[in-house]
Amino acid sequence: MRARLLFVVIAVLATLSAASPAFACWDGFVAESPNVILMGRQTRWDVGRARALARYLPQIEALLARHDASAEVYFGAVELSSRETDLGTARYTDGRIGELFTSIAHALHESPRSTAALGRPALTVQVGATRSLAQAEALAQRVHDAGRGSHGIYQAGGFPADNNPAHVLEADDARGPVFRVVVGTFLDRADADRTLEDLREGGFQGYVREL
724 MRARLLFVVI
734 AVLATLSAAS
744 PAFACWDGFV
754 AESPNVILMG
764 RQTRWDVGRA
774 RALARYLPQI
784 EALLARHDAS
794 AEVYFGAVEL
804 SSRETDLGTA
814 RYTDGRIGEL
824 FTSIAHALHE
834 SPRSTAALGR
844 PALTVQVGAT
854 RSLAQAEALA
864 QRVHDAGRGS
874 HGIYQAGGFP
884 ADNNPAHVLE
894 ADDARGPVFR
904 VVVGTFLDRA
914 DADRTLEDLR
924 EGGFQGYVRE
934 L
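In terms of our numbering, the sequence shown opens at residue 724 and continues consecutively.
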């Protein structure tokens, strides 16, 4: 279940390391959609970034589709191309996904407002919730150790490496803090459902929810 994004990461690293050995191993994050590969320097998985990716990647895809284009984004630099044709470059502040969307829209001479309705809520699979941070962290580690689950569109950590797709999110209710263990970031319900099935096959229980 984790193979697709890992394959993309390895392919990108091979390309970059051929140009510069410094890229052979690095820390940061990678996100992808059908026509976008995005690499940034932020090393910690962040729920805010996950939600921003779900909001803006579908909008970026819609802009690219109008030009039969793709985008490769490396640490603040954007390269746009269409059928082997260079469509130019853009810059944005590394890690700021909304700014990335606006930069791509301007580079393609498109209005950012034209795709605003296409943003989606991020989906994830919740496999547990507890009042104990230690128990939540242990459950997340069990998911990783079992080799179950999927990162979906976004992962962070070291590359190349087997980063954990499970994360602990803290929330509060009337009785105090609660720690939820979630797996992956997904745009499509079908992808989340497949990850849930994979987790169930590994002995984990859960359900799909908004991140």
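From the three backbone atoms N, C-alpha and C, an ideal C-beta is built for every residue, glycine too.
| query | Just the Cα atoms here: how many angstroms apart are ARG789 and ARG865? | reply | 43 Å
| query | Can you check whether the CB of LEU786 is closer than 9 Å to the CB of ALA828? | reply | yes
| query | Are the stretch 798–810 and the stretch 822–836 in contact at 8 Å, needing three or more beta carbon pairs? | reply | yes
| Is the Cβ-Cβ distance between THR853 and VAL904 less than 9 Å? | For the 9 Å CB-CB criterion, THR853 and VAL904 form a contact.
| field | GLU795 - partner residues in DSSP beta bridges | value | ILE760, GLU802
| field | Rounded straight-line distance, which links the Cα of PHE824 to that of TYR815 | value | Distance between TYR815 and PHE824, taken at the CA atoms: about 9 Å.
| field | When PRO844, GLU822, SER855 are compared against PHE895, the one with the closest alpha-carbon | value | Before going further, note that residue 895 is Asp rather than Phe in the sequence given. When only C-alpha atoms are compared, the closest one is SER855.
| task | For my contact list, LEU846 and GLU920 are in at a C-beta cut-off of 8 Å; report their separation, rounded to the angstrom. | result | In fact, because the Cβ distance is near 14 Å, the residues do not count as touching under 8 Å.
| request: Using three-state DSSP, classify HIS867 as helix, strand or coil. | output: Three-state result, HIS867: helix.
| VAL891 and ALA869: beta carbons closer than 9 Å? | no
| query | Considering only residues of the stretch 866–898, which uninterrupted beta strand (DSSP E) runs meet the minimum length of 3 residues and lie entirely inside it, listed in chain order? | reply | 877–882, 889–896
| Which ranges would you report for the alpha helix (DSSP H) in the stretch 825–860 if only whole runs of at least 4 residues count? | none
| Whose C-beta lies closer than 6 Å to the C-beta of GLY763 among residues of the same chain, with five residues either side of it excluded? | GLY751, PHE752, ASP817, GLY818
| Within 9 Å, strictly: CB atoms of PRO900 and ARG843 | no
| Of the listed residues GLY851, ALA794, GLY925, ASP809, nearest to SER826 (C-alpha basis) | ALA794
| field | Alpha-carbon spacing of GLN765 relative to ALA775, whole angstroms | value | 14 Å
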